[in-house]
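Undergrad: Sequences listed follow chains B and Z, in order. For the numbering used here, add 248 to where a residue sits in the first sequence, where the first one is 1. For the numbering used here, add 34 to where a residue sits in the second sequence, where the first one is 1. Backbone N, C-alpha and C define an ideal beta-carbon position, used for all residues, glycine too.
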Amino acid sequence: MRDARLSSEAKATESYAEKPPALAELRAGISAGTTKAADLAAGYYERIGEINPKLNIYLSLTKDRALAQADRMDALAAKGDPLPPLAGIPVGIKDVLVMQGAPATAGSKILQGYRPPYDATVVAKLEAAGAVLLGKLNCDEFAMGSSNENSAYGPVRNPVDTERVPGGSSGGSASAVAANLAVATLGSDTGGSIRQPASFCGVVGVLPTWSRVSRYGLIAFASSLDRVGPFAANVRDAATLLGVIAGYDPKDATSSAAPVPDFAAESDRPVEGLRIGVPAEYFAEGLDAEVRTAIESGIAALQAAGCAVKPVSLPLTRYAVPVYYLIATAEASANLARFDGVRYGYRSPASETLSAMYSHSRDEGFGAEVKRRIMLGTYALSAGYYDAYYGKAQQVRRLLAEEFLRAFADVDAIVTPTAPTPAFKLGEKTGDPLAMYLADIYTVTASLAGICGVTVPCGATQAGLPVGMQVLAAHLNEGTAFRVARAVEAAKI
Amino acid sequence: MPAKVTVEDVERVAELAHLQLTPEETGSMLHDLNAMLDYVAELNELDTAGTVPLAQVTELISAGGGGLRADAALPSLDRAQVLAAAPETNGVFFKVPKVIER
């Protein structure tokens with residue numbers, strides 16, 4: 249009896265995990281002409297055709313554009329011209345970033361059929377660097393969610409274990425790399441939407457400093473928190489990707505004018521002598537025992553590599569989730585006002601008046617979680633409640649940011665678990681919004697402070713589920729985060 | 035943060051947000067909003083008197099926002115392409131149902 253149950257469980261769970269080749273290796277092949285970018289892209293489309301129906305990672309493919317770009321790269325290589333840094337590299341794009349003429353859904357029914365007339369700056373930068381953009385990746389609706397179960401187009405399954413969620417909201421971006429359906433991908437992170445899925449799927453994910461990467465062409469969720477960042481199978485490749493997409497953009501006045509260092513070269517530097525802070529608040533009640541053990545092994549490896557590990561105190565951490573959900577929902581309620589059935593997307597067919605058309609289109613077009621957040625945000629911003637909720641949250645946000653800045657006066661990086669648990673099962677938390685929000689407990693703090701971080705695979709549970717370590721660094725210090733992440737990666741925990 | 039959200043509050047906020055909620059949605063929203071507001075009430079434990087609200091983090095980053103682009107006229111998006119994405123147009127303007135209710 250028991251055996252029969254076990255074997256049926258084993259059958260339900262499948263794995264499609266496969267590590268993509270390293271960028272340098274692919275590029276060398278394309279440059280030498282031994283690998284054709286066109287063949288590489290065709291191979292990825294073949295694998296997508298085979299595996300995507302099981303995992304639901306890609307929502308749409310941009311085949312014509314990808315193959316034309318691959319041909320251009322092959323022609324450059326044939327002429328012996330110098331190749332751009334991502335020549336021929338197959339990359340997937342989260343479906344909250346727009347590509348001219350390609351469907352852009354943001355995981356929502358309200359944008360079904362919409363094809364934007366322009367490219368996001370990060371999309372243009374990737375193509376200028378030679379990348380072959382394969383298609384658009386599934387995500388939680390308007391990037392709101394921690395499991396990818398809020399997509400109007402169905403959940404993504406975790407390639408490591410198909411009974412489990414890939415994390416969210418950039419679940420498609422993390423899974424695509426974990427299943428080798430792209431060499432690298434872009435996602436967006438507002439409260440943990442790059443780091444948590446990267447951790448759940450066993451890949452590298454980068455939270456750049458807020459303002460480091462242009463948001464032009466990113467469908468906005470919460471503008472003071474939204475960031476675009478890369479996923480890759482290894483730290484060095486993630487650093488290379490960030491180097492390509494970072495930098496000032498005249499089309500985003502909030503983007504930083506700070507020079508963009510060679511992040512890949514930064515990641516090569518040894519970590520000896522770096523001061524690593526470990527905050528006790530991230531190892532308290534609620535942390536899975538196996539995750540704790542894995543992260544402690546990672547910290548020991550950093551110590552063995554010559555880092556000075558010391559405790560740091562971040563006592564305001566426990567207030568971060570409430571602050572985050574007030575600020576993010578308030579900003580979302582304003583940003584999502586633009587979806588009104590007038591200029592693009594879904595319009596409810598049977599409305600007599602303009603205001604009825606707005607309300608019906610939005611109620612029929614948005615999913616439950618998006619409506620819940622719009623409602624909370626609208627409430628927190630409404631007359632009589634603004635100071636008590638939104639104003640209070642902004643005050644605590646400053647205290648949280650200052651707490652990080654004080655900590656970074658004494659340490660070069662802070663390491664924590666990326667998520668309190670490994671990937672959970674589909675359906676496990678869908679009935680309880682608050683339990684779902686707590687999946688972001690270790691990631692929302694850096695979001696609020698605007699600092700940067702990298703999540704790097706750091707061991708696994710006995711069942712083989714990946715664990716991620718979050719390496720945080722001060723504003724514009726991505727290079728340090730990459731160095732530390734590289735040392736954890738090298739330790740092969 | 036005292037509030038206990040009522041059905042009337044949910045209906046008022048839904049109207050502000052232009053959401054035509056079904057009665058079922060109103061019920062679940064009432065429950066979820068109250069649960070969320072109970073949860074965020076723990077922020078009241080913190081004394082924030084005199085703390086300046088932080089709306090966004092540019093001021094904390096040494097080389098912050100790169101600033102505005104040059105004030106020069108540039109071509110905007112192609113009108114035909116933009117209108118093609120709209121549910122209803124007359125080729126020049128977006129069309130909407132009547133604005134004034136009678």
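So which residues of chain Z does B/T457 contact, with C-beta pairs closer than 7 Å?
TA: Result: I95.
Undergrad: Name the one or two DSSP bridge partners that B/L720 has.
TA: The partner list for B/L720 (beta bridge, DSSP) reads B/I662 and B/G701.
Undergrad: Flag this pair as touching only if the stretch 371–388 of chain B and the stretch 488–502 of chain B have three or more C-beta atom pairs under 8 Å; answer yes or no.
TA: Cβ pair count under 8 Å is three or more, so yes.
Undergrad: Would you mind telling me which residues of chain Z sit closer than 9 Å to B/Y592, beta carbon to beta carbon, in chain order?
TA: V116, A119, A120 and P121, listed in chain order.
Undergrad: Taking the CB atoms as reference points, tell me whether B/T433 and B/P333 lie closer together than 8 Å.
TA: No. Outside cutoff.
Undergrad: DSSP three-state label for B/V557, please.
TA: Of the three classes helix, strand and coil, the one that applies to B/V557 here is strand, per DSSP.
Undergrad: B/L674: which of B/Y464, B/E397, B/L562 and B/D485 sits nearest, CA to CA?
TA: Considering only alpha carbons, the answer is B/E397.
Undergrad: Hey, could you find the ends of the alpha helix (DSSP H) B/D437 is sitting in?
TA: Where B/D437 is concerned, there is no enclosing alpha helix (DSSP H), although the beta strand (DSSP E) it sits in stretches over A432 to D437.
Undergrad: Specify, as a first and last residue, the run of the alpha helix (DSSP H) that B/F511 falls within.
TA: F511 to D516 is the extent of the alpha helix (DSSP H) around B/F511.
Undergrad: Start and end of the alpha helix (DSSP H) containing B/S263?
TA: That residue, B/S263, is in no alpha helix (DSSP H); it is neither H nor E in DSSP.
Undergrad: CB B/S447 to CB B/G415, shorter than 8 Å?
TA: Yes, the pair counts as a contact, with Cβ atoms nearer than the cut-off.
Undergrad: Is B/I337 buried or exposed, if buried means 16 or more other CB atoms sit within 10 Å of its CB?
TA: Buried, since its Cβ has 16 or more Cβ neighbours within 10 Å.
Undergrad: Using alpha carbons as the reference points, say which of B/R566, B/D536, B/A506 and B/M623 lies closest to B/G716.
TA: If we check each option's Cα against that of B/G716, B/D536 comes out closest.
Undergrad: Compute the Euclidean distance between the alpha carbons of B/L288 and B/E273, then round it to the nearest angstrom.
TA: Distance between the alpha carbons of B/L288 and B/E273: 13 Å.
Undergrad: Based on the DSSP secondary-structure assignment, which residues constitute the bridge partners of B/P714?
TA: Paired residues: B/A708.
Undergrad: Okay, do the stretch 553–573 of chain B and the stretch 633–651 of chain B touch, 3+ Cβ pairs below 8 Å being the bar?
TA: Yes: at least three Cβ pairs fall under 8 Å.
Undergrad: Using the DSSP secondary-structure output, state which residues sit across from B/K673 in a beta bridge.
TA: In DSSP, B/K673 forms a bridge with B/R412.
Undergrad: When the Cα atoms are used, what is the spatial distance from B/Y388 to B/A430?
TA: The sequence shown places Asp at residue 388 of chain B, not Tyr. Their backbone Cα atoms lie some 19 Å apart in a straight line.
Undergrad: Is DSSP giving B/I524 helix, strand or coil here?
TA: Residue state, collapsed to three classes: strand.
Undergrad: Look at the alpha carbon of Z/N68 and the alpha carbon of B/R620, and state the distance between them as a whole number of angstroms.
TA: Using only the alpha carbons, I get a separation of about 12 Å.
Undergrad: In angstroms with no decimal places, state the Cα-to-Cα distance between B/A687 and B/T669.
TA: Those two C-alpha atoms are separated by around 8 Å.
Undergrad: Who are the Cβ neighbours of B/A532 in its own chain at under 7 Å, not counting the five residues just before and after it?
TA: Counting only Cβ-Cβ distances below 7 Å, and skipping sequence neighbours, we find nothing.
Undergrad: By the three-class DSSP mapping on this structure, what secondary structure does B/P478 have?
TA: In this structure, B/P478 counts as strand in the three-state DSSP scheme.
Undergrad: Does the distance between the C-beta of B/R586 and the nearest non-hydrogen atom of the ligand NAD fall short of 7 Å?
TA: Among the components of this structure there are no ligands whatsoever, and the ligand NAD is therefore not found.
Undergrad: Express the C-alpha separation of B/T626 and B/G632 in angstroms, rounding to a whole number.
TA: Each residue's alpha carbon lies about 12 Å from the other.
Undergrad: What are the residues of the stretch 615–628 of chain B that lie near chain Z, defined by any Cβ-Cβ distance shorter than 7 Å?
TA: From the stretch 615–628 of chain B, only K619, R620, I622, M623, L624, T626 and Y627 have a Cβ closer than 7 Å to chain Z.
Undergrad: Looking at C-alpha atoms only, which residue of B/A486, B/T601, B/F652 and B/A697 is the closest neighbour of B/F730?
TA: Taking only the C-alpha atoms, the option nearest B/F730 is B/A486.
Undergrad: Check the DSSP bridge columns for B/A494 and list the partner residues they point to.
TA: B/A494 pairs with B/V461.
Undergrad: The beta strand (DSSP E) that contains B/I341, what's its start and end?
TA: Here the beta strand (DSSP E) through B/I341 covers P338 to K342.
Undergrad: Thinking B/Y441 and B/G435 are a contact (beta carbons under 8 Å), I'd like their distance in whole angstroms, please.
TA: The sequence given here has Ser at residue 441 of chain B, not Tyr. Yes, B/S441 and B/G435 are in contact; Cβ-Cβ is about 7 Å, under 8 Å.
Undergrad: Beta-carbon separation of B/L720 and B/A661 under 8 Å?
TA: Cβ distance < 8 Å, so B/L720 and B/A661 count as in contact.
Undergrad: If you draw a straight line from the alpha carbon of B/T664 to that of Z/M63, how long is it in whole angstroms?
TA: Cα to Cα, the separation comes out at about 34 Å.
Undergrad: Among residues of its own chain, excluding the 5 on either side of B/G491, which ones have a beta-carbon nearer than 7 Å to its beta-carbon?
TA: Excluding residues within five positions, the ones whose Cβ falls inside 7 Å are V508, D510, F511 and A512.
Undergrad: According to DSSP, simplified to helix, strand and coil, what is Z/Y73?
TA: Helix.
Undergrad: What residues of chain Z sit near B/P498, judged by a beta carbon separation below 7 Å?
TA: Going along chain Z in sequence order, the residues near B/P498 (Cβ under 7 Å) are R103.
Undergrad: Mind listing the chain Z neighbours of B/V644? Cutoff is C-beta to C-beta under 7 Å, in chain order.
TA: By Cβ distance, chain Z contributes L77, L80 and T82.
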